[in-house]
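Mapping of the sequence shown onto the numbering used here: position 201 corresponds to residue 201, and the numbering continues sequentially without gaps.
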Amino acid sequence: MRFEDVYQKVGHIPFITKDNARFIYDLIINEKKVNILELGFAHGTATCFMAAALQELGGGSVTAVDLLNAREIFKPSIEEQLEATGLSQYVNIIRMQTGYTWYLHDEIKRNTINDVCYEIYDLCIIDGPKNWTIDGAAFFMSDKLLKENGYIIFDDYLWTYAAADNSRDVTDGISHRSLSEEERVTPQIREVFELLVKQHPNYGNLQVIEGGEWVIAQKTKSQNKSYVIVHRETMKSMFATLIYKLYKHLLRSGKKPYTTTK
Ligand SMILES: C[S@@+](CC[C@H](N)C(=O)[O-])C[C@H]1O[C@@H](n2cnc3c(N)ncnc32)[C@H](O)[C@@H]1O
């Protein structure tokens with residue numbers, strides 16, 4: 001499915017910006033990344049863009065993992081959006097009781113033969129609780145399943161519990177009050193990326209997409225590392241990001257900025 005066609009159907013549903021959607025769509029097509037693991041899908045909007053790219057390539061699959069209770073929270077649901085776009089056949093939807101780290105446990109176990117874990121994914125996108133402990137662990141576990149030259153992407157590079165305080169007290173099961181002041185004000189995905197991914201011997205081609213909240217690394221398995229900050233902000237995308245943040249804020253404060261497509 002062409003990018004503009006899928007954008008027309010799901011582009012108004014959170015949580016992915018048009019720039020990031022275009023980026024992942026092009027990455028999948030240009031680099032033929034056909035086995036994809038998405039950790040945290042919410043409404044399945046990013047999932048639809050990835051599935052549309054797979055359809056253009058003629059095959060592949062997205063394994064999309066979220067929490068059991070996401071089914072009640074996110075309307076329209078991932079199933080409804082995939083049905084509306086006709087892309088259901090490209091996605092395997094998984095809902096876990098406690099979260100994606102236990103799904104990664106299951107995947108590592110399923111793919112281990114004689115104490116070796118086989119790498120099965122070309123691309124892994126981590127977009128869940130934005131938490132050092134959970135997402136740090138998810139990084140090391142995903143690495144075991146990611147093929148050489150595969151990519152790992154994190155959203156919410158600069159997100160903090162402190163900034164989310166205005167709209168809620170708990171994020172994905174973590175009570176903000178239970179955290180130290182330092183944990184509240186430190187962007188935890190930034191720490192995962194800068195301290196775990198960047199120092200990991202398998203990862204190079206590190207990119208921070210300024211203004212987009214996304215960071216990317218490639219499993220180059222090489223000593224040569226590059227780290228670039230990509231400036232892609234135009235006035236139009238700055239405005240779109242502002243609207244998107246307002247949208248997210250309204251959602252978290254319990255107000256509904258959109259209606260379901262049902
Ligand atoms: C920002 S949304 C994902 C948005 C989606 N990737 C997109 O761009 O369209 C974050 C999702 O992570 C899920 N989540 C949070 N903690 C999780 C965990 N430990 N395991 C699985 N999913 C989790 C939430 O339920 C929510 O659906």
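Glycine is no exception: its CB is placed at the ideal position from the N, C-alpha and C atoms.
Quick check: the Cα distance between residue i and residue j, rounded to an integer number of angstroms?
i: D172; j: T101; result: 14 Å
i: M235; j: V6; result: Low confidence applies to M235: its pLDDT is 47, below 50, so where it sits in the model is not reliable, and the reading given next is rough at best. If you take the alpha carbons of M235 and V6, they lie about 24 Å apart.
i: G11; j: F23; result: 14 Å
i: L39; j: S180; result: 26 Å
i: E4; j: A53; result: 11 Å
i: P76; j: S88; result: 14 Å
i: P14; j: N20; result: 12 Å
i: S61; j: Y151; result: 15 Å
i: I73; j: Y25; result: 26 Å
i: G86; j: K225; result: 40 Å
i: T261; j: D115; result: Only weak support exists for where T261 lies, its pLDDT of 31 falling under 50; the value from the coordinates is given anyway. Spanning the two alpha carbons is a distance of roughly 47 Å.
i: N202; j: T220; result: 6 Å
i: I113; j: E119; result: 11 Å
i: I125; j: L37; result: 6 Å
i: A51; j: E107; result: 21 Å
i: A138; j: I28; result: 22 Å
i: Y227; j: I134; result: 24 Å
i: A84; j: N166; result: 34 Å
i: K33; j: C48; result: 15 Å
Under the criterion of a Cβ to heavy atom distance below 8 Å, does residue i qualify as lining ligand 1?
i: E213; result: no
i: P14; result: yes
i: G136; result: no
i: E38; result: yes
i: Y100; result: yes
i: P129; result: yes
i: D66; result: yes
i: T160; result: no
i: M96; result: yes
DSSP three-state call for residue i: helix, strand or coil?
i: L179; result: coil
i: N20; result: helix
i: R2; result: coil
i: T186; result: coil
i: E191; result: helix
i: R232; result: coil
i: Y258; result: Here Y258 scores only 43 on pLDDT, less than 50, and its place in the model should not be relied on; the value that follows carries that caveat. Three-state DSSP puts Y258 in coil, outside helix and strand.
i: Y161; result: helix
i: Q199; result: coil
i: L68; result: coil
Just confirm the distance between the C-beta atoms of residue i and residue j, as a whole number of angstroms; I'd bet it's less than 8 Å.
i: C117; j: L82; result: Not quite, the Cβ-Cβ distance comes to about 29 Å (not below 8 Å), so this is no contact.
i: D122; j: N35; result: 5 Å
i: F154; j: V192; result: 7 Å
Which runs of the alpha helix (DSSP H), 4 residues or longer, sit entirely within the region 118 to 158? Taking only runs of at least 4 residues, the alpha helix (DSSP H) segments lying wholly in the region 118 to 158 are 132 to 145.
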